[in-house]
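**Q** Protein chains in written order, with our numbering: chain A, 5 to 792; chain B, 25 to 349.
#1: Using the DSSP secondary-structure output, state which residues sit across from residue 710/A in a beta bridge.
#2: For residue 110/A, which beta-bridge partners are listed by DSSP?
#3: Please check if any C-beta of chain B sits within less than 8 Å of the C-beta of residue 50/A.
#4: Count the other C-beta atoms from every protein chain shown that fall within 10 angstroms of the C-beta of residue 297/A, then say buried if there are 16 or more, exposed otherwise.
#5: Which residues in the same chain as residue 33/B place their Cβ atom closer than 7 Å to its Cβ, once the five residues preceding and following it in sequence are excluded?
#6: What residues in the segment 415-427 of chain A have a beta carbon less than 9 Å from any beta carbon of chain B?
#7: Please classify residue 125/B: does DSSP put it in a helix, a strand, or coil?
#8: Can you tell me where the alpha helix (DSSP H) with residue 293/B in it begins and where it stops?
#9: Can you find a CB in chain A that lies within less than 8 Å of the CB of residue 79/B?
#10: Evaluate residue 161/B with the Cβ neighbour count: other Cβ atoms within 10 Å of its Cβ, from every protein chain shown; 16 or more gives buried, anything less gives exposed.
#11: Alpha carbon to alpha carbon, how far is residue 98/B from residue 270/B?
#12: I'd like to confirm the pairing. Which residues does DSSP put opposite residue 303/A in its beta bridges?
#13: Would the beta-carbon of residue 115/A fall within 8 Å of that of residue 122/B?
#14: Check the Cβ of residue 295/B against every Cβ in chain A and list those closer than 9 Å, keeping chain order.
#15: Below 8 Å on the Cβ atoms is my guess for residue 189/A versus residue 120/A; work out the distance and round it to an integer in Å.
#16: Mind pulling the chain B residues with CB within less than 8 Å of residue 259/A?
#17: Which runs of the beta strand (DSSP E) spanning at least 3 residues fall entirely within the segment 375-436 of chain A, listed in chain order?
#18: Rounded to a whole number of angstroms, what is the C-alpha to C-alpha distance between residue 443/A and residue 558/A?
#19: Hey, could you find the ends of the beta strand (DSSP E) residue 184/A is sitting in?
#20: Answer with yes or no whether the minimum CB distance from residue 54/B to chain A is below 8 Å.
#21: Can you find the residues in the same chain that come closer than 8 Å, C-beta to C-beta, to residue 674/A, ignoring five residues on each side of it along the sequence?
#22: Using only CA atoms, which one of 242/A, 352/A, 180/A and 135/A lies nearest to residue 226/A?
#23: Tell me whether residue 79/B sits in a helix, a strand or coil according to DSSP, three-state version.
#24: What whole-angstrom Cβ distance do residue 212/A and residue 341/A have, given they're in contact under 8 Å?
#25: Using beta carbons (cut-off 8 Å, strictly below), is residue 375/A in contact with chain B?
#26: Using the C-alpha atoms, what's the distance from residue 604/A back to residue 446/A?
#27: Closer than 9 Å, Cβ to Cβ, to anything on chain A: give me those residues from the segment 160-183 of chain B, in chain order.
#28: Whole angstroms is fine: what's the gap from residue 623/A's alpha carbon to residue 592/A's?
#29: Touching or not, the segment 266-277 of chain A and the segment 245-257 of chain A, by the rule of three or more beta carbon pairs under 8 Å?
#30: Which residues bound the alpha helix (DSSP H) around residue 32/B?
#31: From residue 235/A to residue 463/A, what does the alpha carbon distance come to, in whole angstroms?
#32: Along the chain, where does the alpha helix (DSSP H) that runs through residue 459/A open and close?
#33: Does residue 584/A come out as helix, strand or coil in the three-state DSSP assignment?
#34: Give the residues of chain B in contact with residue 355/A, contact being defined as C-beta atoms less than 9 Å apart.
#35: How would you label residue 126/A, buried or exposed, when you count the other beta carbons within 10 angstroms and need 16 or more for buried?
#36: Taking the alpha helix (DSSP H) that residue 241/A falls in, what are its first and last residues?
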């Protein structure tokens with residue numbers, strides 16, 4: 005029978021007599037299927053030849069004619085598409101195999117993209133590349149150094165006394181009544197293309213007052229047809245500072261800025277008043293408020309590229325805030341655009357679709373699947389740094405010095421909730437870099453006798469590189485200084501705290517629970533922060549001795565027991581009452597892994613004969629206990645906002661007591677001498693004098709021991725050899741623009757590492773078939789057997 | 025039958041109210057409105073004023089269940105419970121605490137859940153029934169014995185083991201499919217293969233044991249014995265007579281879970297990074313997003329009730345002796 009037109013072609017394709025299907029056929033047929041063509045619509049030239057060159061005869065009633073089998077056939081063809089030169093397990097589109105795209109992931113969707121609200125590292129990954137505050141950290145220089153980003157130069161800082169007369173920076177405390185930061189912006193910076201700027205021929209904004217009809221086809225920002233841009237101005241930076249005062253934005257730094265920026269609180273009041281008026285109107289409280297009409301005494305536009313910030317008194321740390329996205333520009337058009345209720349209902353908001361002038365823009369925001377940063381076509385341009393530290397130069401980090409950034413065209417962040425799949429995909433080359441979880445640590449890193457980390461052979465064979473750095477953070481065990489037993493300034497309590505500090509063997513903790521990824525803390529400051537001292541000068545003499553290798557060696561437990569005896573506790577018995585000493589540890593516990601950690605803590609206290617009672621609770625209750633000051637001993641941590649000792653010492657400043665002021669001083673530690681030194685140190689420039697004060701403050705804290713100085717975590721990261729210009733920078737959030745990829749090398753390695761292994765499938769099929777044989781034999785025997 | 029359906033829907037209302045109250049109480053035993061505010065405002069530099077503002081803005085500045093300050097009906101209506109829950113009964117889920125439209129999110133995230141759940145159900149049922157039929161056909165032989173051993177072993181293994189094992193073998197060692205991920209359209213098929221295989225294999229133990237029990241119960245009944253006595257082959261007895269009768273509980277069991285398919289699986293979606301409703305619920309619990317949690321619990325309860333109703337209705341279709349009044 006003659007085959008019907010078209011259908012027979014598919015049959016030919018199904019029946020290759022020798023050899024496998026021709027991959028080029030798959031290539032031609034599949035795109036057509038994807039375009040919605042049925043197999044019968046395919047042009048004649050797309051099929052027919054099988055690899056053997058022998059044409060098979062069409063069969064009558066071939067299964068391909070039935071819809072179900074036709075669907076299966078299409079499915080089969082789709083699966084065959086993976087048989088191209090790309091690996092079967094490649095999670096990305098084949099066309100992107102050699103594209104200049106960085107692949108990374110996110111585990112939890114970022115809560116906020118609004119620069120007034122965002123205050124989390126997983127959010128900075130995105131908005132750090134989009135928004136441009138006036139300053140940034142130098143990518144390579146250490147110690148960390150601020151350099152201009154959107155600003156043309158570093159801010160000009162001047163000081164005034166209470167009469168408005170200029171005074172010097174070194175004036176005595178109390179003389180400076182006002183600090184002025186004059187910031188000049190680079191000219192010609194443009195925002196990314198955005199519908200908020202789109203205008204019609206008459207100059208009216210197209211999308212600022214959208215009708216229901218206009219809104220109907222809109223579901224994402226990409227659904228808008230017209231995009232436009234404009235230059236970044238000083239007014240936009242001033243507008244953003246006012247946004248920090250807007251209570252609707254819930255900016256986490258609004259209370260801090262209210263302490264320093266002149267007129268901040270008054271502006272917040274004015275906005276509150278406006279919101280209250282708006283509540284009565286039809287559009288409600290989220291109606292657009294023109295912030296240019298709200299006066300804030302402390303911010304002033306001097307000209308189009310020049311603005312001034314005025315602070316109460318001195319606050320030298322303010323420059324660090326100027327490198328954070330809180331101080332990025334925000335055009336009024338964006339606020340007006342996003343304030344439309346119709347867009348809010350469609351989840352189109354500033355918190356979801358950022359608008360910046362940085363090297364990248366967010367083109368896809370689907371936190372259920374992926375987020376994509378695309379090169380901003382309007383980016384003003386920036387050159388790769390030309391200065392670096394000697395070791396960095398040796399590592400080749402200046403190879404791209406002076407070249408225009410960014411280097412990567414697109415960065416795709418996929419949703420990856422678990423560490424195991426992420427790690428495996430990284431090993432297959434589908435992610436360009438990875439941290440190292442505890443599960444994978446032994447596979448990736450080996451530690452030598454001296455505790456130095458190096459890559460395992462497997463990782464070296466793959467050409468990976470390891471980078472590590474001590475993080476600007478501290479994990480500590482705190483004592484509630486208002487507790488009658490462990491708190492207070494009595495000698496008895498102090499000796500008890502010191503003894504516990506010795507007994508808590510954090511070297512062991514780091515080894516067991518952090519795979520050796522940490523440095524036992526000698527005081528408040530981690531390495532890399534001004535004031536940190538290397539060598540014997542930096543060792544805490546109350547907890548450590550200096551050993552023969554001139555290194556810190558924890559004092560013996562017998563010494564701690566002696567301290568306990570002096571404190572009036574012999575073998576854990578209170579000599580005054582004759583009762584065993586019972587202490588309470590308030591812990592935030594979330595699972596079995598925490599249980600091991602808590603048991604370890606109990607054992608450390610047992611060394612001193614102290615009976616430690618665990619009071620495990622969830623994080624909410626834990627926070628509540630801390631706020632109320634009802635905990636006795638606890639563990640917590642702190643990540644620095646900026647690389648300044650003030651950002652650590654303020655954690656024990658008396659004015660920040662959590663119980664009184666809901667500040668960050670969770671131990672409720674108060675020491676007049678320490679507080680006075682803190683107030684002095686806070687306003688000083690880095691130098692010898694400041695170092696001396698920092699040393700005094702460290703000494704007071706080590707002596708008083710309000711914390712057991714826990715450890716500074718050490719971050720380990722792995723990078724494939726095609727990923728270039730990588731250097732850990734714990735302060736900068738805008739590091740994507742420096743990174744470069746060799747996508748050809750990546751594509752080759754991926755193909756090499758991911759060849760499909762079919763033998764196990766074959767063996768499995770054979771095994772299943774063999775398993776059927778006894779069943780068939782048994783069936784035949786039972787059929788042949790005679791009934792009794 | 026219509027009266028029966030209406031009556032069942034009316035019965036559902038107190039159940040939904042009860043589940044709603046229970047969810048509300050359980051959630052707020054663990055999380056206070058203050059906790060929620062702290063969670064959403066972040067861990068650093070949160071002032072009591074900011075917490076109060078957040079609560080007022082999100083409607084959590086009212087009493088939980090009873091407003092003793094209010095008079096009349098307002099003592100019940102001017103509460104968090106009433107304001108947050110009453111709209112659910114018209115399926116208005118409102119917005120999440122982070123401002124996202126929950127209905128839109130559900131409509132987007134149900135498809136990935138279904139894309140895994142439907143193939144797992146269909147292929148799983150097919151394989152489990154076939155395997156159970158083979159075991160019953162060869163009952164009381166070594167095939168039966170070893171099959172029971174294997175299925176019990178499979179039944180005892182945690183789903184997590186199948187997931188990690190599947191990812192390790194098929195994704196990592198054999199490089200046959202992506203280890204995790206998801207995409208829409210045709211591109212998504214390669215991501216579904218592994219979770220579907222894992223889901224099917226993970227269900228073989230339990231499913232096969234269950235179907236085997238149903239088949240064994242039928243295969244020893246009088247009508248089957250009569251068939252054999254009249255000279256029918258064992259194959260014919262099994263497939264022509266036993267099978268249709270055993271299918272009744274199988275069918276009704278499947279109908280009961282059909283509406284729940286789109287609620288997704290917490291573990292599978294989390295490990296395979298599938299953006300379904302299972303991971304949506306899990307994320308919401310972790311983020312203390314009460315709006316999403318209560319919506320998903322409400323939806324789950326409603327679908328469960330629908331599933332039970334469909335089960336009852338399906339009895340009338342497959343068993344002519346059953347009549348609903």
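Don't be surprised by glycine CBs; every beta carbon is placed ideally from N, CA and C. In this text, all values refer to a predicted model and were calculated from it rather than measured experimentally.
**A** The relevant details are as follows:
#1: Per DSSP, none; premise fails for residue 710/A.
#2: 419/A
#3: No answer about residue 50/A holds up, because its pLDDT of 35 lies below 50 and its placement is not dependable.
#4: exposed
#5: none
#6: 418, 419, 420, 421, 422, 424, 425 and 426
#7: strand
#8: From DSSP, the alpha helix (DSSP H) with residue 293/B extends over 290-295.
#9: no
#10: buried
#11: 55 Å
#12: 313/A
#13: yes
#14: 421, 422, 424 and 425
#15: 19 Å between Cβ atoms; not a contact.
#16: 69, 71, 73 and 74
#17: Within the segment 375-436 of chain A, the complete beta strand (DSSP E) runs of at least 3 residues fall at 414-419.
#18: Between residue 443/A and residue 558/A, the C-alpha separation is close to 29 Å.
#19: For residue 184/A, the uninterrupted beta strand (DSSP E) segment begins and ends at 182-188.
#20: yes
#21: Taken in chain order, the residues that qualify are 485, 658 and 661.
#22: 352/A
#23: In the structure shown, residue 79/B sits in a helix (DSSP, three-state: H, G or I).
#24: Going by Cβ atoms, the distance from residue 212/A to residue 341/A rounds to 6 Å, so yes, they are a contact pair.
#25: Among the CB atoms of chain B, none fall inside 8 Å of the CB of residue 375/A.
#26: 22 Å
#27: 161, 162, 165, 166 and 167
#28: 5 Å
#29: yes
#30: 26-54
#31: A direct Cα-to-Cα measurement between residue 235/A and residue 463/A gives close to 47 Å.
#32: Counting along the chain, residue 459/A sits inside no alpha helix (DSSP H); it lies in the beta strand (DSSP E) bounded by residues 457-459.
#33: strand
#34: 122 and 123
#35: exposed
#36: 238-249
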